[in-house]
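Notes for the one structure printed next.
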Amino acid sequence: MPIRAFVLVKTKPGTSEEVVRARRVKGVKIANSVFGRYDAILVIEAKDLNELKGIIYEVLEKLPNVEHTETHIAIFHPPE
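Structure (structure tokens):
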């Protein structure tokens, strides 16, 4: 069963669309801009923690407008 993570992203004002474009990256299942304390939320699935780390760095480390992230790893999700 893959690891599923929810990544909450705070960006500089008006730049959350850059993060949403990350849905093109393998492993990013959902990427949405949102209202609230965070500006975008990503749902990422990976085979293990190393792959998850790589996806997060590939998506977010390259974006200069990302100010803060918070990653929540799901401990249970029913099979689809």
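Every number in my numbering is 457 more than the matching position in the sequence shown, counting from 1.
The beta carbon of each residue, even a glycine, is placed where N, CA and C say it ideally should be.
These numbers come from a predicted model, not from an experiment.
Per the contact definition of three or more C-beta pairs closer than 8 Å, is the region 517 to 529 in contact with the region 486 to 493? no
message = Would VAL500 and ARG461 be called neighbours here (beta carbons separated by less than 8 Å)?
response = Sequence index remark: in the sequence shown, residue 500 carries index 43 (1-based). Sequence index remark: in the sequence shown, residue 461 carries index 4 (1-based). Yes, the Cβ-Cβ distance between VAL500 and ARG461 is below 8 Å.
Run through the region 465 to 524 for me and flag every whole beta strand (DSSP E) of 3 or more residues, listed as ranges in chain order. 485 to 490 and 497 to 503
Same chain, Cβ closer than 8 Å to ALA531, neighbours up to 5 away in sequence not counted: Translated into positions along the sequence shown, residue 531 becomes position 74. Within the same chain, ALA531 has close Cβ partners ILE460, ARG461, ALA462 and PHE463.
Please check the pair VAL482 and ALA497, which I expect to be a contact at CB under 8 Å, by giving their CB distance rounded to whole angstroms. By one-based count along the sequence shown, residue 482 stands at place 25. By one-based count along the sequence shown, residue 497 stands at place 40. Not confirmed; about 13 Å, so no contact.
**Asked** According to DSSP, is PHE463 helix, strand or coil?
**Response** Along the sequence shown, one-based indexing puts residue 463 at 6. Reduced to three states, the DSSP call for PHE463 is strand.
(Q) Determine whether the beta carbon atoms of LEU465 and TYR495 lie at a separation below 8 Å. (A) One-based indexing of the sequence shown puts residue 465 at position 8. One-based indexing of the sequence shown puts residue 495 at position 38. It is a contact, given that the beta carbons lie within the stated cut-off.
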